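Student: Residue numbers (the working numbering): 106 to 191.
Beta carbons: idealized from backbone N, C-alpha and C, even for Gly.
Nothing here was measured: the structure is a model prediction, and the numbers come from that model.
Attaching a single structure in structure tokens format; questions to follow.
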């Protein structure tokens, strides 16, 4: 389902970009070609950065259990007794 939304959003943005590029080329061909080429270079760089970030390792997720052992970890949630003035 995530890929469907990605395709919908990215496809809509791509169609809008193509329509804008077509209009720019019709209005001022030579000047707009350089602007469109620059936009493609930026888009390719953004895509590369996005893939790099997506492949980077993330922090492990520790699921809770019946004994509530996650509350005894060094970074456990704050309790009432930890608050100042109590």
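From what residue to what residue does the alpha helix (DSSP H) around residue 144 run?
Tutor: Along the chain shown, read from residue 1 onward, the residue named residue 144 stands at position 39. From DSSP, the alpha helix (DSSP H) with residue 144 extends over 134-160.
Student: Distance, Cα to Cα, residue 159 vs residue 153?
Tutor: By 1-based counting over the chain shown, the position of residue 159 is 54. By 1-based counting over the chain shown, the position of residue 153 is 48. Spanning the two alpha carbons is a distance of roughly 10 Å.
Student: Could you round the C-beta distance between residue 140 and residue 129 to whole angstroms and report it? I think they count as a contact, below 8 Å.
Tutor: By 1-based counting over the chain shown, the position of residue 140 is 35. By 1-based counting over the chain shown, the position of residue 129 is 24. At roughly 7 Å, the Cβ-Cβ gap stays under 8 Å, so residue 140 and residue 129 are in contact.
Student: Thinking C-beta only, is residue 126 closer than 9 Å to residue 137?
Tutor: The residue given as residue 137 occupies position 32 in the chain shown. The residue given as residue 126 occupies position 21 in the chain shown. Their beta carbons are under 9 Å apart, which means residue 137 touches residue 126 by this criterion.
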